[in-house]
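Beneath this line is the structure, given in structure tokens, with notes to follow.
Protein chains: 2
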Amino acid sequence: MLINELSKRTGITAHTIRFYEKSGLIKGKRDERIKSNNYFHYDDETVEKLELISDAKSIGFTLSEIGQLMEAWYNNKITIPEKVLLLEEKLRSIDEKIKHLKEMKKMIAEFKKSVEEENC
Amino acid sequence: MLINELSKRTGITAHTIRFYEKSGLIKGKRDERIKSNNYFHYDDETVEKLELISDAKSIGFTLSEIGQLMEAWYNNKITIPEKVLLLEEKLRSIDEKIKHLKEMKKMIAEFKKSVEEENC
DNA sequence: AACAACATTAGAGTATAGTCTATACTTGTA
DNA sequence: TACAAGTATAGACTATACTCTAATGTTGTT
């Protein structure tokens, strides 16, 4: 598929997709048989990758962290123990984030209660 | 206390503290009695606020969201029902974040398992 | 008095993550 | 064939959140 369809399927603008391409997060392929243009062609894996990018971004991972994660996910240049290590690191960082969020939630909930009581 | 002590107490650089001051997140007071300088003086509440900023930032709130939160926390120009609404909104957004993190964690854990099994 | 340490402001610079514009070429449809 | 729609690239622009520098003045210590 071309960039426009990829954009429609993922909800990510063509501009941003090109930005991710330039950043090395995704890779379109050029069709050697077609000489009249040099349009990038994308496969379903790229759709998956863009979805992963969206998800990972929404939980606060930077693009460079997401890049590492996708190395482990899709790339075989990295050894299995290295993959496992990387994934464990990400799991730890997610646990940290969850811990912080829970603390913050408790803090806000307590404060909300005190505000409501003040109200009476 | 002056900016240097505030910085030492919070672990936030004086540069960043001044940036927060300019952004309206904290407010130092000038001592009217002292005419020779116009140094900002900070109280313990500012220490608290800076700690809140650090915490809220670590869980992915933007400075402008943190500003709103601190309006509710410290400011009485906002009515109690408004405060409660704002706090509820932040609680919801934290729950959303936690939900996303848990989904991501599950995904990564499953992938890690499959990588490890592949290893045998 | 000398001098280090600290304070202020203005403004420049950096990193991240886009977002948009201009230019130019290609493709598909009326 | 005209022309709208799609594609590529380079580069400018934006927003957020700092981070640093320069210029200048103040305070505290020897």
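Chains W and B, in that order, are what the protein sequence lines are.
The numbering of the first sequence is our numbering, which starts it at 678 and goes up by one.
The numbering of the second sequence is our numbering, which starts it at 678 and goes up by one.
For every residue, glycine included, the Cβ atom is placed at its ideal position computed from N, Cα and C.
Small disclaimer: the values here were computed from a predicted structure and weren't measured.
Classified as exposed, residue 779/B has fewer than 16 neighbouring CB atoms from the shown chains inside 10 Å of its CB. When only Cα atoms are considered, residue 743/B and residue 753/W end up about 42 Å apart. Checking the DSSP bridge columns, you'll see residue 706/B partnered with 718/B. In the structure shown, residue 713/W adopts coil according to DSSP, grouped into three states. With its beta carbon less than 8 Å from one in chain W, residue 735/B belongs to the interface. With respect to the C-alpha of residue 794/B, the residue from 776/W, 770/W, 783/W and 761/W having the closest C-alpha is 761/W.
Taking the Cα of residue 745/B as reference, the smallest distance to any Cα among 716/B, 701/B, 774/B and 715/B is reached at 701/B. In chain W, no part has a C-beta under 7 Å from the C-beta of residue 724/B; the shortest such distance is about 16 Å. Around the beta carbon of residue 691/W, fewer than 16 other beta carbons sit within 10 angstroms, so the residue counts as exposed. The beta carbon of residue 740/W lies closer than 7 Å to those of 700 and 702 in the same chain, with the five residues before and after it left out. Residue 716/B counts as exposed, since fewer than 16 other beta carbons sit within 10 angstroms of its beta carbon. Secondary structure of residue 694/W (DSSP, three-state): helix.
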